[in-house]
Structure formats: C-alpha cells, structure tokens
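Using my numbering, the letters of the sequence shown correspond one by one to residues 256 to 503. All residues carry an ideal CB built from backbone N, CA and C; glycine is no exception. Here's the structure we're looking at; comments come further down.
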Amino acid sequence: MVSGGGTGIGKAIARELAAGGDRVVILGRRAEVLEQARAEIDQAVGAGRVVPVRADLSDADQVSGAVAEITALGPVDVLVNNAGAVISAPEDDTLPALARAWRRDLDTNLLTAVLLTTALQEHLRRPGGRLIMISSAAAQRGGAGSHSAGSYAAAKAALHGWAFGLARQLGPDGITVNVLAPGYVADTEIFGDRWSAEFHADKVADTLVGRAGTPADVATAVRYIASPAGGYLTGQVIGLNGGAVLGR
256 MVSGGGTGIG KAIARELAAG GDRVVILGRR AEVLEQARAE IDQAVGAGRV
306 VPVRADLSDA DQVSGAVAEI TALGPVDVLV NNAGAVISAP EDDTLPALAR
356 AWRRDLDTNL LTAVLLTTAL QEHLRRPGGR LIMISSAAAQ RGGAGSHSAG
406 SYAAAKAALH GWAFGLARQL GPDGITVNVL APGYVADTEI FGDRWSAEFH
456 ADKVADTLVG RAGTPADVAT AVRYIASPAG GYLTGQVIGL NGGAVLGR
C-alpha cells in the first residue's frame, strides 16, 4: 500500500513495487489522478497490479471505509505512508490564522499516517510486515521559506519519534518500521509555484553529488527496505539527500 500514490514519489514507489510483481494499493484524494496513475503503471509493468482507493486520509471515517476495501484483499505486506504536502503560509499574521495553518500541516503530514497505520496495524503480515514513513530532510535541518515552513518540518519530525515507538512495539512480531527522509526531489508537486530555475539551482548546489534527487531514487530505496533482505533494518531514519544533510 502506498498513500499519496497518484503522483510524484508515491507513483514511482507504486510502479517500482508493481514491477517486482506485487499487487499495490494506491490511495489518494483525487479519483481521476489515481486512475491515471493506474493506467500509466499498467502500461509500464502489466495490467492488474494496481488497485486505486480514493480517500481523504485525514478523515477518520474515510480511512475506515478505505481499510474495509483494502483488507478484503488479504494481509498487508508493506505500508508506505507517503501522503503529505507543504501547506501554504498562514493567510495573515494573526494567531488564529497560524493555528489553522499548523493544523492543516499536522493533519496532512502526520495524522494521515497515524490514522491509516493504526487502522491497518492488526492486518500487517506477521512476521515480515514492513512499515515505511516518508519524511523529509526538513525534519532534520528545519524548514525554510517566508514562514520558515515550520509546521511541515515539525509534522515530519513527529513521524520519527512515532516510528521509533512503533518499531519497539512491532519488532517482536517480525514487523520492521523505518523512516526514509528524502532531500530535494525534482519532478514532484510539493514545491508548487515556489519552483524556479534559481530555486532548483540552489537546492542542487546544497548537495555533495551535484544533482537533484528523483522519484526513482526514493522508489529504489523503498524497494530495498520493503524487501525480505531488509529484515534486519528497523527503527532507523535513513537520509536520502545527496549529502545535503550529513548522517548523525
């Protein structure tokens, strides 16, 4: 299962897993986007491996409905919590506006993962299940931008502590829990109208390898973490950022 599986990184992850022979459920809010992703992946790797499920994962009732559809397919081998976005700055300088912006970011980047994972926890394969949280280098170095992107960085950082607790809880059942924290990845919707040639050049200059990441880079890393070969890797935050944030 891949949340936010209709575009960008999520779609690349779904394609990578489907290419390996898995049946992949992709979740998102926009039915037409999910259907387009399914058609693209079908064309690339063969039909019948992608199941689109529409749901707003910040809504508990919609999560329950989606889980009923998903669990009818059988146990869940891999859950990739990829849904998320950088929310726009508060509409003004008041505290109520700040509170609304922070709640939107926490709902989008943290609550979606908490609700979906909790609803599916008893349906994860034991042993051998894999939980993977897609975080961000912003969680490790702090946000940037006109409002410091503080709520996005904070929401992603919250995934880390939560994942560590899940790793302790689920390890005895043979389930691994890890966080993958990409740096700047081009070809996604996340930067929206903030993207420019200058923005891109600055982000690339921040790396040690002289290039932006790609959705395929993230998908390849997820494939390993999700594989049987990754069974001894758990409770880790894995930076995938071209050296923009050094390990520690």
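Element boundaries [alpha helix (DSSP H), containing residue i]
{"i": "Ala452", "result": "452-460"}
{"i": "Arg478", "result": "470-481"}
Cβ-Cβ separation, residue j to residue i (assumed contact under 8 Å), whole Å
{"i": "Ile342", "j": "Ser406", "result": "7 Å"}
{"i": "Leu334", "j": "Thr367", "result": "Actually they are not in contact, since the Cβ atoms of Leu334 and Thr367 sit about 12 Å apart, beyond 8 Å."}
{"i": "Pro437", "j": "Ser391", "result": "6 Å"}
{"i": "Val440", "j": "Met388", "result": "Val440 to Met388, Cβ: 16 Å. No contact."}
Residue range of the unbroken beta strand (DSSP E) whose run includes residue i
{"i": "Ile264", "result": "Not the beta strand (DSSP E): Ile264 falls in the alpha helix (DSSP H), residues 263-274."}
{"i": "Leu463", "result": "Here Leu463 belongs to no beta strand (DSSP E), and DSSP marks it neither H nor E."}
{"i": "Arg309", "result": "305-309"}
{"i": "Gly283", "result": "279-283"}
Residue i in three-state terms, based on DSSP
{"i": "Leu289", "result": "helix"}
{"i": "Ala499", "result": "coil"}
{"i": "Val509", "result": "Residue 509 lies beyond the range of the chain shown here (256 to 503); nothing can be said about it."}
{"i": "Val341", "result": "coil"}
{"i": "Gly485", "result": "helix"}
{"i": "Asp215", "result": "The requested residue 215 is not part of the displayed model; the chain covers only 256 to 503."}
{"i": "Thr326", "result": "helix"}
Residues sharing a beta bridge with residue i, DSSP
{"i": "Thr431", "result": "Arg385"}
{"i": "Ala436", "result": "Gly494"}
{"i": "Leu334", "result": "Leu386"}
{"i": "Ser258", "result": "Leu282"}
Closer than 8 Å to chain B by CB, residue i
{"i": "Met388", "result": "The question asks about chain B, but that chain is absent: this structure has only one protein chain."}
Legend entry - Segments assigned alpha helix (DSSP H), at least 4 residues, entirely inside the stretch 343-425: 350-361, 367-375, 393-396, 405-425
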